[in-house]
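The structure appears below as structure tokens.
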């Protein structure tokens with residue numbers, strides 16, 4: 018403790034009213050978000066406890082009950098990301114590096130518009146258009162590729178399978194990932210792009226040498242945001258997916274796993290007693306999954322971030 | 078290895094704006110040619126037309142010829158990607174690829190052309206290029222650290238190593254020392270003197286002492302006013318350009334009376 022205290026004689030700087038007010042407002046806002054998060058967490062834990070410890074009416078344990086839902090949530094989100102991320106990166110690259118400027122602006126605007134469509138609309142489109150459209154190809158897949166565990170027959174008669182739901186999810190998360198990737202790709206230092214071009218790189222080689230390495234952490238971050246939406250998406254999945262609660266990897270069958278969020282939406286209106294606690298408990302699981310996904314992504318981003326390269 | 082460049086009556090445009098007008102120069106193999114002139118006079122633009130890097134900016138085009146040993150770089154069917162593989166470039170600020178190691182940076186251009194290169198050939202090339210850029214002794218023990226971890230002067234020499242690793246015919250340098258301290262600048266200038274044995278070098282510089290130190294011939298560019306095209310005022314032996322130029326504007330510029 019050798020640090021000298023500031024001289025007491027020094028007069029304190031005058032407090033300017035605008036600074037005081039702004040500090041109070043921003044501090045309140047910061048605290049508010051913590052309070053809200055804590056409130057949600059406490060509510061979830063308190064309401065879930067009876068389901069987690071108590072004997073359940075039908076199943077053996079809470080874990081056995083929530084596992085198929087957790088599986089369905091992760092599986093559908095995984096499939097959606099598998100389809101959405103490459104397409105989103107490709108669209109973002111097209112907008113930033115290939116399209117003529119006028120087309121790029123229009124296309125960027127369209128992609129943003131895609132994000133503004135309510136999920137109910139996506140759900141309706143999934144049921145009314147996408148499911149019937151895909152159903153014949155599911156039959157074909159089950160007949161011809163049925164030996165693959167992913168396409169084991171029988172095929173679904175309605176087309177409302179986990180694959181259809183995942184495609185709908187993919188379309189929904191596409192604009193988020195595309196918009197963020199576009200911003201990141203635009204920020205690639207021009208020096209790095211020119212370095213690649215001056216070595217005789219083609220446009221695509223320049224992208225792999227300069228744009229993608231620079232955007233790596235941003236691609237991961239945007240994918241995680243998209244994943245967050247895919248994991249938590251409720252309405253579209255609840256409408257599209259004809260679920261039986263099975264744990265299966267089959268993409269085209271009539272037996273499909275449900276997701277946590279969709280299951281809560283579908284069952285909560287008629288739930289009473291312990292069922293309410295069970296549903297809230299599953300919500301707690303979803304909350305935990307999202308937290309873990311975010312934490313993991315933070316770690317990955319911290320590890321892959323490169324300095325500006327100047 | 079080293080080729081002769083002939084520029085015939087070159088005009089450079091950005092869209093409908095004429096940036097540079099009527100440039101004709103002949104650049105001998107194994108020589109250093111310096112482009113000097115005030116900011117905005119088009120010297121960097123002309124340099125970039127020599128490997129078609131100006132085309133990176135949308136709407137840029139040229140009228141006239143640039144001949145590399147007689148072959149027109151702007152002839153029909155000439156791919157700018159191939160042009161840039163023959164004519165290397167070093168930029169104003171060091172720009173190693175930040176995610177690549179020193180070794181990967183040196184190999185970046187070579188692996189574009191020739192992906193199946195044996196490990197030992199790669200090692201040889203990395204050593205040869207880094208020695209050529211006077212960087213080998215400083216980095217030979219840490220070839221696998223990121224190139225962005227080096228000092229500015231070392232990064233610039235890494236960029237030169239990366240450019241010469243592809244064995245270009247010509248090396249273009251766009252103010253290669255303007256972001257460097259005097260010691261690093263000296264290292265680069267010594268390097269230019271050595272590289273001259275093998276390459277045709279064209280260098281843009283704002284530093285007239287540098288131009289007089291390193292170059293054999295000097296081209297002075299000037300601009301009449303904002304919005305007017307830049308022009309080549311005088312081109313000749315560096316010694317003559319700095320001691321006894323034939324145009325008054327050149328004398329004013331090199332003697333520091335303006336610019």
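Residue numbers (my numbering), protein chains in the order written: chain H, 18 to 327; chain B, 78 to 336.
Using N, Cα and C, we set each Cβ at its ideal position, and we do this for glycine too.
All values derive from a computational prediction rather than experimental measurement.
- Taken in chain order, the members of the segment 201-229 of chain H whose beta-carbon sits within less than 7 Å of a beta-carbon on chain B are 208, 209, 211, 212, 214, 215, 216, 217, 218, 219, 222, 226, 227.
- Under the Cβ criterion (8 Å, minimum of three pairs), the segment 228-243 of chain B counts as touching the segment 202-215 of chain B.
- Per DSSP, residue 91 of chain B is one residue of the beta strand (DSSP E) stretching across 82-91.
- The three-state reading of DSSP puts residue 200 of chain B in helix, counting H, G and I together.
- According to the DSSP secondary-structure assignment, residue 308 of chain B is paired through a beta bridge with B/98, B/299.
- When C-beta atoms of the segment 149-162 of chain H are compared with those of the segment 275-291 of chain H, fewer than three pairs fall below 8 Å, so the two segments do not count as touching.
- Under the Cβ criterion of 8 Å, residue 180 of chain B is not counted among the residues facing chain H.
- Put simply, the backbone Cα of residue 163 of chain B is about 21 Å away from that of residue 89 of chain B.
- Note that the C-beta distance between residue 49 of chain H and residue 180 of chain H is not below 8 Å.
- In the DSSP assignment, residue 140 of chain B forms a beta bridge with B/88.
- A Cβ of chain H is located within less than 8 Å of the beta carbon of residue 168 of chain B.
- CA-to-CA, the gap between residue 295 of chain H and residue 79 of chain H works out to about 7 Å.
- By the CB criterion at 8 Å, residue 115 of chain B and residue 299 of chain B fall inside the cutoff.
- Chain-ordered listing is empty here: chain H has no CB closer than 8 Å to the CB of residue 123 of chain B, the nearest sitting near 16 Å.
- In its chain, beyond the 5 residues on either side, 106, 107, 246, 275, 276, 277 have a beta carbon closer than 7 Å to the beta carbon of residue 79 of chain B.
- In the DSSP assignment, the residues bridged to residue 110 of chain B are B/279, B/294.
- A residue is called buried once 16 or more other Cβ atoms fall within 10 Å of its Cβ, and residue 88 of chain H is buried on that count.
- Within chain H, the C-beta atoms nearer than 7 Å to that of residue 162 of chain B come from 217, in chain order.
- According to the DSSP assignment, residue 165 of chain B belongs to no alpha helix (DSSP H) but to the beta strand (DSSP E) extending over 164-167.
- Chain H places a beta carbon closer than 8 Å to that of residue 243 of chain B, counting this residue as a contact.
- Residue 47 of chain H has its alpha-carbon roughly 12 Å from the corresponding atom of residue 39 of chain H.
- Here residue 143 of chain B is near residue 84 of chain B, since their CB atoms are less than 8 Å apart.
- For residue 133 of chain B, at least one C-beta of chain H is nearer than 8 Å to its own C-beta.
- Separation of residue 122 of chain H and residue 198 of chain B (C-alpha to C-alpha, rounded to the nearest whole angstrom) is 46 Å.
- Close CB contacts of residue 53 of chain H within its chain, under the 7 Å cut and outside five residues either way in sequence, are absent.
- Residue 185 of chain H places its beta carbon less than 8 Å from that of residue 257 of chain H.
- With a threshold of 8 Å between beta carbons, residue 137 of chain B makes no contact with chain H.
- Residue 211 of chain H places its beta carbon less than 8 Å from that of residue 168 of chain B.
- Residue 159 of chain B belongs to the set of residues whose beta carbon lies under 8 Å from a beta carbon in chain H.
- Non-local beta-carbon contacts of residue 291 of chain H in its own chain, meaning distances under 8 Å to residues more than five positions away in sequence, involve 67, 68, 71, 73, 74 in chain order.
- Looking at the DSSP output, residue 223 of chain B shares a beta bridge with B/178.
- Using a Cβ-Cβ cut-off of 7 Å, residue 186 of chain B is close to 216, 217 of chain H, given in chain order.
- Under the DSSP assignment, residue 248 of chain B falls outside any alpha helix (DSSP H), being part of the beta strand (DSSP E) whose first and last residues are 247-251.
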